[in-house]
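Visitor: Keeping their order, the protein sequence lines are chains H and D. Heads up: the first sequence at position 203 corresponds to 203 in full-length UniProt numbering, and the numbers run straight through without jumps. Heads up: the second sequence at position 298 corresponds to 298 in full-length UniProt numbering, and the numbers run straight through without jumps. We put the beta carbon where it would ideally sit given N, CA and C, even for glycine. Computed from a predicted structure; not experimentally measured. Structure provided below as structure tokens; questions to follow.
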Amino acid sequence: MALDTNFHHGDSPKDAPPILEMRDIEKHFGNIIALAGVSFDVRLGECHCLLGDNGAGKSTFIKTMSGVHKPTKGTITIGGKPMNFSSPREAMEAGIATVFQDLAMIPLMSVTRNFFMGREPTKGVGPFKRLDVERMNEVTMTHMREMGINLRAPDQAVGTLSGGERQTVAIARAVYFGARVLILDEPTSALGVRQTSNVLATIDRVRKQGVGVVFISHNVRHAMAVGDRFTVLNRGKTLGTARRGEITAEELQDMMAGGQEMAQLEGSLGGTV
Amino acid sequence: MADTAQVIQDERLKKEGLGTRLLRRPELGAIAGFVLVTAFFLYTADGAMFTLSGILNFMTPAAQLGILAIGAAMLMIGGEFDLSIGSMVAFAGLIFGAGVVTLGLPLILAIPLTLMVAAGIGAINGSIVLKTGLPSFIVTLAFLFILRGASLVGLKLASNGSTQLRGIRDAVEGDWLAPLFSGDALGPLFVWLADIGLVETFSNGTPKVTGIPVEIIWFVVITLVATYVLLRTPFGNWIFASGGDRDAASNSGVPVRRVKISLFMFAACCGAIVAIITVMDAGSTDARRGFMKEFEAIIAAVIGGCLLTGGYGSAIGAFFGALIFGMVTIGLTYTDFDQDWFQVFLGGMLLIAVLFNNYIRKRVTGER
């Protein structure tokens, strides 16, 4: 799959200040140290991939970034200002949107109702304040079409969409509501080949609109396809950040697995992993 | 695998007919059931059932159950149950009765007091469910017994040892708020209708039907308000979201706790409204008031298209669910059938409704 040739990279100036910066983040749960000093940043218009194997601390890190957890130590700054989120809602208001693996989509509800869930536009005043249904439907249809999905009707239930389409609804929703940083938690892990490339194309489209994308994955090929920078997380620590072109897929793979064992395995499997 | 559903005009998507689109409306089953039941009684029952007084005759119990059913339906769409609303009718009846008889409060104080106590208990129910994460089924089952027992004990205290509290009619006689909660509404309209010959009159000229019982008005108004809230307000969207997937809703910024606790409070207040209306109507209150009504209300909601798992349903559906109930309970007396068929019918209806809803859910979510 030659996905990486489809997208352009390096739009972001190398010395642009990061929009979101996490410094020496530590997170302890009781006596378990889930994160032991992680630093990470993302600029507008770039896709920064966070790679790590299961249990590396990816989920904890994302949840810290999106306001679900409070870091035990470390600082979070947005556009230079220190932030201290106490809820996902606050993070959202600061422009950090997270698309979790479960997508925060409700299958029984329509695409429109899902799209505006928690942030419904209203018209009218006082007790006559009501949903602006026409606008909701129109916005949903337009934005889904922009992302390459033609809905039968805005009241189509999300349950009837495929996994990739749902992912796209979630991304379109985050972008519509003014996300400056979009955190995608393993968006491709459960998808087939074609849906994966659709989602990667969506990421590219969003990046071109000037949004900073944090792409979490354990699939090096998917990351290499769209990433501008790569950071590997292992056992709660970062093993460094590399720019595109400075590192090969094999090296990333090795770092994720923690080196040696993987090299041995790879030998016996003939480089198929 | 549904991999290729993303082409401009997907050739694998069949055009949806009107029938399929209608099938997706949650209230369809209840309306179909209502038509069937009406047809059944038109065919088998005495003609008196469908005269104006006959209709009001079965609408009254339907409305009393229906107010509870709307509360239960809203709560079910929000993903929770309340098994204590039947007992709440007895308990709120006690609070109201003791308020007007024992304490001698005017209605303007007694009614808000009753509603506030009910809302408070609803809030306690909701808080326990949300704090502990226990199923609402078990928490409210506990309150089913607590409130029923408390009503018995309270009644004995308020009436010196009896389980019935009398004298409510005398106590509220002449209160300016009473017409809102008791008797018939739209009286002058019916006098006028009788004058122009649209309503039958007794020989002395007074109309045979003097108005619409207030509970029917309450029932219709609550249904309309609930429907408006569900379909046309952000709060309605939050109700569907909270019931559909609590975590997803909360991650999207929906205040799930607030939504669910308000729904518990609303359901409890529905119980209190039924209590106030029926107690004022009967002039007394007793500890068996609202007995088993929680189940009937939930069944009416399920017949109305509410899924037991939450996130789907409608108030209009529950409205028709309650109408079916009222029609069958009262309607059987107009036929030659043994009235005890009622319970058989109840169970059968519930079973059919659940099977039908399950099928609909699969259609809606595209499950295979």
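In or out: Gln343 (chain D) buried (at least 16 other Cβ within 10 Å) or exposed?
Guide: On the second sequence, residue 343 (chain D) is found 343 positions in, with the first residue counted as 1. Gln343 (chain D) is exposed by the Cβ-count criterion.
Visitor: Within a Cβ cutoff of 7 angstroms, which residues of the same chain sit near Thr5 (chain H), ignoring the five residues on either side of it in sequence?
Guide: Taking the first residue of the first sequence as position 1, residue 5 (chain H) is located at position 5. With a pLDDT of 45 at Thr5 (chain H), under the threshold of 50, the modelled position of that residue is not reliable, and the figure given next carries that caveat. No residues qualify anywhere along the chain.
Visitor: Can you list the residues of chain D that Ile106 (chain H) reaches, using a CB-CB cut of under 8 angstroms?
Guide: In the first sequence, residue 106 (chain H) corresponds to position 106, counting from 1. Result: Phe240, Ala241, Gly244, Asp245, Ala248, Ala249, Gly311.
Visitor: Assuming Gln195 (chain H) contacts Gly164 (chain H) (C-beta within less than 8 angstroms), just tell me the rounded distance between them.
Guide: As a position in the first sequence, residue 195 (chain H) is number 195, starting the count at 1. As a position in the first sequence, residue 164 (chain H) is number 164, starting the count at 1. So it is a contact: roughly 3 angstroms between Cβ atoms.
Visitor: Residues of the segment 97-122 of chain H in Cβ contact with chain D at a cutoff of 9 angstroms, in chain order, please.
Guide: Those would be Thr98, Phe100, Asp102, Leu103, Ala104, Met105, Ile106, Pro107, Leu108, Met109, Arg113, Asn114, Phe116, Met117, Gly118, Arg119, Glu120, Pro121, Thr122, in chain order.
Visitor: Got a sec: which bits of the segment 72-98 of chain H sit with their beta carbon under 7 angstroms from any beta carbon on chain D, in order along the chain?
Guide: Against chain D - using a Cβ distance shorter than 7 angstroms - the residues of the segment 72-98 of chain H are Pro88, Arg89, Met92.
Visitor: Pairing CB atoms from the segment 28-41 of chain H with CB atoms from the segment 180-200 of chain H, are three or more of them under 8 angstroms?
Guide: Cβ pair count under 8 angstroms is below three, so no.
Visitor: Please name the residue, chosen from H:Val133, H:Gly178, H:Leu233, H:Arg207, that lies closest to Arg232 (chain D) on a Cα-to-Cα basis.
Guide: As a position in the second sequence, residue 232 (chain D) is number 232, starting the count at 1. Selected option, being the one with the closest Cα: H:Val133.
Visitor: Rounded to whole angstroms, what's the CA-CA distance from Pro112 (chain D) to Val220 (chain D)? Just pull it up for me.
Guide: In the second sequence, residue 112 (chain D) corresponds to position 112, counting from 1. In the second sequence, residue 220 (chain D) corresponds to position 220, counting from 1. So the two alpha carbons sit approximately 21 angstroms from each other.
Visitor: How should Leu13 (chain D) be labelled, buried or exposed, when 16 other C-beta atoms within 10 angstroms of its C-beta is the threshold for buried?
Guide: The residue you call residue 13 (chain D) lines up with position 13 of the second sequence. Residue placement at Leu13 (chain D) is poorly supported in this model, since its pLDDT is 49, which falls under 50; the coordinates are not used for a value here.
Visitor: Can you say whether Ile149 (chain H) is buried or exposed, counting buried as having 16 or more other CB atoms within 10 angstroms of its CB?
Guide: The count along the first sequence starts at 1 and reaches residue 149 (chain H) at position 149. With 16 or more Cβ atoms within 10 Å of its Cβ, Ile149 (chain H) is classed as buried.
Visitor: Should Ala63 (chain D) go down as buried or exposed, given a rule of 16 or more other Cβ atoms within 10 Å for buried?
Guide: Along the second sequence, read from residue 1 onward, the residue named residue 63 (chain D) stands at position 63. So Ala63 (chain D) ends up on the buried side.
Visitor: Closer than 9 angstroms by beta-carbon distance: list the chain H residues that pair up with Asn237 (chain D), in chain order.
Guide: Here residue 237 (chain D) refers to the residue found at position 237 of the second sequence. Going along chain H in sequence order, the residues near Asn237 (chain D) (Cβ under 9 angstroms) are Met109, Arg113, Phe116, Met117, Gly118, Glu120, Leu131.
Visitor: With burial defined as no fewer than 16 other Cβ atoms inside 10 Å of the residue's Cβ, what is the status of Asp286 (chain D): buried or exposed?
Guide: To locate residue 286 (chain D), count along the second sequence from 1; it is residue 286. The residue in question, Asp286 (chain D), is buried, as its Cβ has 16 or more Cβ neighbours within 10 Å.
Visitor: Contact between the segment 296-312 of chain D and the segment 67-86 of chain D is defined here as three or more beta-carbon pairs at a separation below 8 angstroms; is this criterion met?
Guide: Cβ pair count under 8 angstroms is three or more, so yes.
Visitor: With DSSP as the reference, please indicate the residues paired to Val42 (chain H) in a beta bridge.
Guide: Position 42 of the first sequence, counting from 1, holds the residue named residue 42 (chain H). DSSP output for Val42 (chain H) lists H:Leu20 as bridge partner(s).
Visitor: Would you please verify whether the beta carbon of Gly317 (chain D) is less than 8 angstroms from any beta carbon of chain H?
Guide: Position 317 of the second sequence, counted from the first residue, corresponds to residue 317 (chain D). Not closer than 8 angstroms to any Cβ of chain H, the Cβ of Gly317 (chain D) fails to qualify, so no.
Visitor: Pop quiz: Glu46 (chain H) and Arg229 (chain H) are said to be a contact at Cβ under 8 angstroms. What is the actual Cβ separation, rounded to whole angstroms?
Guide: Position 46 of the first sequence holds residue 46 (chain H). Position 229 of the first sequence holds residue 229 (chain H). Between Arg229 (chain H) and Glu46 (chain H) the Cβ distance is about 7 angstroms, and since that is below 8 angstroms, they are a contact.
Visitor: Taking three-plus beta-carbon pairs below 8 angstroms as touching, is the segment 209-227 of chain D in contact with the segment 183-200 of chain D?
Guide: Enough Cβ pairs lie closer than 8 angstroms, so yes.
Visitor: Within 8 angstroms of any Cβ in chain A, is that where the Cβ of Val254 (chain D) sits?
Guide: The structure shown contains no chain A; its protein chains are H and D.
Visitor: Using only the alpha-carbon positions, how far apart do Gly149 (chain D) and Leu141 (chain D) sit?
Guide: Start at 1 with the first residue of the second sequence, and residue 149 (chain D) comes out as number 149. Start at 1 with the first residue of the second sequence, and residue 141 (chain D) comes out as number 141. Each residue's alpha carbon lies about 13 angstroms from the other.
Visitor: Grab the span of the beta strand (DSSP E) containing Asn234 (chain H) for me, first residue to last.
Guide: Translated into positions along the first sequence, residue 234 (chain H) becomes position 234. Element bounds for Asn234 (chain H): 229-234.
Visitor: Give me the residue from H:Pro127, H:Thr75, H:Ala56, H:Val111 with the minimum Cα distance to Val139 (chain H).
Guide: Reading the first sequence from its first residue, position 139 is the one you call residue 139 (chain H). Of the listed residues, the one whose Cα sits closest to Val139 (chain H) is H:Val111.
Visitor: Let me know the alpha helix (DSSP H) ranges lying completely inside the segment 148-213 of chain H, each 4 residues or longer, listed in chain order.
Guide: Taking only runs of at least 4 residues, the alpha helix (DSSP H) segments lying wholly in the segment 148-213 of chain H are 163-176, 193-208.
Visitor: So, for Gly124 (chain H): in the same chain, excluding its five sequence neighbours on each side, which residues have a beta-carbon less than 7 angstroms away from its beta-carbon?
Guide: For the purposes of this step, residue 124 (chain H) is identified with residue 124 of the first sequence, where counting begins at 1. Excluding sequence neighbours, Gly124 (chain H) sits near Arg130.
Visitor: Would Thr233 (chain D) count as contacting chain H if we go by Cβ distances under 8 angstroms?
Guide: Walking along the second sequence from the start, residue 233 (chain D) turns up at place 233. It does: the Cβ of Thr233 (chain D) has a partner Cβ on chain H nearer than 8 angstroms.
Visitor: Taking the alpha-carbon positions, what's the His69 (chain H) to Ser86 (chain H) distance?
Guide: Position 69 of the first sequence, counting from 1, holds the residue named residue 69 (chain H). Position 86 of the first sequence, counting from 1, holds the residue named residue 86 (chain H). Straight-line Cα distance between these residues: approximately 8 angstroms.
Visitor: Identify which residue in D:Ala322, D:Gly126, D:Phe50, D:Gly33 has its Cα closest to the Cα of Ala268 (chain D).
Guide: Here residue 268 (chain D) is taken as the residue at index 268 of the second sequence, counted from 1. It is D:Gly126.
Visitor: For Ala249 (chain D), which residues from the same chain have a beta carbon less than 6 angstroms from its beta carbon, with the 5 sequence-adjacent residues on both sides left out?
Guide: As a first step, residue 249 (chain D) is located in the second sequence; it is residue number 249 there, counting from the start. Result list for Ala249 (chain D): Ala241, Ser242, Val256, in chain order.
Visitor: Express the C-alpha separation of Leu263 (chain D) and Ile33 (chain H) in angstroms, rounding to a whole number.
Guide: Against the first sequence, residue 33 (chain H) aligns to sequence position 33. Against the second sequence, residue 263 (chain D) aligns to sequence position 263. C-alpha separation (whole angstroms): 40 angstroms.
Visitor: Residues bridged to Met83 (chain H) by DSSP?
Guide: Taking the first sequence and counting its residues from 1, one reaches residue 83 (chain H) at position 83. The partner list for Met83 (chain H) (beta bridge, DSSP) reads H:Ile76.
Visitor: My guess is that Leu50 (chain H) and Val206 (chain H) are in contact by the Cβ rule of under 8 angstroms, so how many angstroms apart are they, rounded?
Guide: Looking up residue 50 (chain H) in the first sequence gives position 50. Looking up residue 206 (chain H) in the first sequence gives position 206. Rounded, the Cβ-Cβ distance is 16 angstroms, inconsistent with contact.
Visitor: Scan the segment 303-341 of chain D and note each continuous alpha helix (DSSP H) run of 4 residues or more that stays entirely inside, going in chain order.
Guide: Counting whole runs of 4 or more residues, the segment 303-341 of chain D contains the alpha helix (DSSP H) stretches 315-331.
Visitor: Please name the residue in D:Val35, D:Thr44, D:Arg25 whose C-alpha comes closest to that of Leu332 (chain D).
Guide: As a first step, residue 332 (chain D) must be located in the second sequence, where it is residue number 332. Checking every option, the nearest Cα to that of Leu332 (chain D) belongs to D:Thr44.
Visitor: Flag Ile19 (chain H) as yes if its beta-carbon sits less than 8 angstroms from any beta-carbon of chain D, otherwise no.
Guide: For the purposes of this step, residue 19 (chain H) is taken as residue 19 along the first sequence, with counting starting at 1. Output row for Ile19 (chain H): interface = no.
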